[in-house]
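Numbering (our numbering), first residue to last: 57 to 486. Quick reminder that beta carbons are idealized off the backbone N, C-alpha and C, glycines included. As structure tokens, the structure follows; a few thoughts come after it.
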Ligand code: HAM
């Protein structure tokens, strides 16, 4: 029997991992330029944390969590998202005592048992950020700007930032009633999913993907038009700050989000390049979450984004995804004497920070040359008894095809100089 990876999970194979490393490194750089520091939390948590944090009635908690009992009988869950886990850590370590605004980011795998399809996996990867402790619209704007900046830096231009306000505990209940009143007469014609949401969470009917639902709810009242004074001025101020930062956005009153913790700002970044799973980023403000988890009420805002979807968007935008890690040097041995010399020399190159490969499979010289070609190395050094006796080796520059004979004890310096030039050429400093 042959084992296969679990449905909805994917291996990141050696020929594509360099793209992930490049993207992750760029994300880290952008996060650091905004002064966000990394947080890492365990892959599983107590189930109750997510049930409480994300909301019992959400799809995630209701049907998508990977929940299991450990041998001690505790109910644990593989994290479906990071926000609740970050809040748990914030409370556990009193992170707020160190500074008024705690700014953290993460890059981590998440787990949701959704129906797998293009752009939707059961183990996927998110990068995201949370700013904990600020109620000002400038904090929301910074989070939105930060998420957009990652895409801009990575060469993705084709995206739309859509913002909304989902109100707060003061204005939402009255609006919810108004919405239910409006929907009452048509609820029977809505999709099964939306009918289920009518009682408990009618706001989510507004972001239904079902076309018929969209037509039927065309004239439904929107939260953004029924905000209390505080939410309304927060939303207006956010738009002002975003405009001053020259972040292009549109207001979309139907953005509701699938997690229950949002208050005031909710936003998404959408890409038309992605097909039906078109959300690159989802985020917003969650001023009540910490209190819900047993802490002090602490206004907070954040976002998370799927890395698999980011990579698809980069491909569609023909964006640069980094370089494969090919060795700089390949030492090919012509005979046994050359072989043992090459193993030791390879170590010397490596210790000097020059990536070097060498034949360990006793292959013929011809097949070693083929291997060096396949690995797209920069230099091939050919060594054997003759070269060692004459203390000279031939070095082939694989990009120019030029072959040079040099003294063995000048070899490292020669390659180092060449690598330097090569690097300069790559960074345009020549
Ligand atoms: P979310 O909207 O559930 O929000 O997920 C954010 C992003 O993760 C989505 O826009 C999408 O790019 C990616 N994503 C979600 N599910 C999948 C999946 N099954 N397969 C592939 N990609 C997926 C959150 O997780 C919130 N914690 C965001 C947040 C942070 N809000 C405030 N702070």
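| Asked | Found |
| --- | --- |
| Can you tell which of 285, 386, 168, 150 has its C-alpha closest to the C-alpha of residue 134? | 168 |
| Can you check DSSP and say which residues form a bridge with residue 180? | 166 |
| For residue 220, report the span of its alpha helix (DSSP H) as first-last. | No alpha helix (DSSP H) contains residue 220, which is instead part of the beta strand (DSSP E) from 216 to 221. |
| Can you have a look at residue 413 and say buried or exposed, based on whether 16 or more other CB atoms are within 10 angstroms of its CB? | buried |
| If I follow the unbroken beta strand (DSSP E) through residue 502, where does it start and stop? | In this structure the chain extends from 57 to 486, so residue 502 is not present and cannot be described. |
| Hey, residue 337 and residue 361 are a contact pair by Cβ (cut 8 Å); roughly how many whole angstroms apart? | 4 Å |
| Could you compute how far the alpha carbon of residue 329 sits from the alpha carbon of residue 448? | 56 Å |
| Excluding the 5 residues flanking residue 307 on each side, which residues of the same chain have their C-beta closer than 8 Å to its C-beta? | 218, 219, 220, 280, 295 |
| Is DSSP giving residue 497 helix, strand or coil here? | Outside the displayed span of the chain (57 to 486) sits residue 497, for which this structure offers no information. |
| Taking 8 Å as the line, does the beta carbon of residue 294 fall inside it for any heavy atom of the ligand HAM? | no |
| Which word fits residue 196, buried or exposed, when buried means at least 16 other C-beta atoms lie within 10 angstroms of its C-beta? | buried |
| Hey, would you say residue 132 sits closer than 9 Å to residue 123, going by beta carbons? | yes |
| Under the three-state reduction of DSSP, which class applies to residue 335: helix, strand or coil? | strand |
| Across the stretch 67 to 82 and the stretch 349 to 359, are there enough close Cβ pairs to call them in contact, namely three or more that are closer than 8 Å? | no |
| Rounded to the nearest angstrom, what separates residue 302 and residue 144 at their Cα positions? | 34 Å |
| Run the CB neighbour count on residue 101, radius 10 Å, all protein chains shown included, and call it buried at 16 or more, exposed below. | buried |
| If you reduce the DSSP assignment to three classes, tell me which class residue 100 lands in. | strand |
| With residue 87 as the anchor, note down where its alpha helix (DSSP H) starts and where it stops. | 70 to 89 |
| What separation, rounded to the nearest whole angstrom, lies between the Cα atoms of residue 346 and residue 225? | 15 Å |
| Between which residues of its own chain and residue 181 is the CB-CB distance below 6 Å, once the five residues before and five after are set aside? | 165, 363 |
| Looking only at C-alpha atoms, which of 325, 288, 356 sits nearest to residue 317? | 356 |
| Quick one: residues in its chain with C-beta nearer than 8 Å to the C-beta of residue 247, no 5 flanking neighbours on either side, listed in chain order? | 264, 266, 268, 269 |
| Evaluate residue 416 with the Cβ neighbour count: other Cβ atoms within 10 Å of its Cβ, from every protein chain shown; 16 or more gives buried, anything less gives exposed. | exposed |
| Let me make sure I understand the geometry here. Which of 229, 178, 205, 201 has the alpha-carbon closest to that of residue 258? | 229 |
| Could you check if residue 290 is buried or exposed, using at least 16 other CB atoms within 10 Å of its CB as the buried criterion? | buried |
| Rounded to a whole number of angstroms, what is the C-alpha to C-alpha distance between residue 310 and residue 250? | 14 Å |
| Is the stretch 84 to 97 touching the stretch 107 to 120, taking contact as three or more C-beta pairs under 8 Å? | no |
| Can at least three beta-carbon pairs, one atom from the stretch 365 to 385 and one from the stretch 72 to 80, be found at a separation below 8 Å? | yes |
| For residue 404, collect the residues of the same chain with a Cβ closer than 8 Å to its Cβ; drop the 5 residues on either side in sequence, then sort them by chain order. | 468 |
| Less than 9 Å between the beta carbons of residue 320 and residue 206, yes or no? | no |
| Answer yes or no: the CB of residue 101 versus the heavy atoms of the ligand HAM, is any distance below 8 Å? | no |
| Around the C-beta of residue 118, are 16 or more other C-beta atoms found within 10 angstroms, so that it is buried, or is it exposed? | exposed |
| So, with DSSP's three-state summary, where would you put residue 486? | Bear in mind that the predicted position of residue 486 carries a pLDDT of just 32, short of 50, making it too unreliable to give a figure here. |
| Using 10 angstroms around the beta-carbon of residue 424, count the other beta-carbons present and answer buried if the total reaches 16, otherwise exposed. | buried |
| Between the Cα of residue 392 and the Cα atoms of 162, 440, 400, which residue gives the shortest distance? | 440 |
| Out of curiosity, what's the CA-to-CA distance linking residue 286 and residue 142? | 27 Å |
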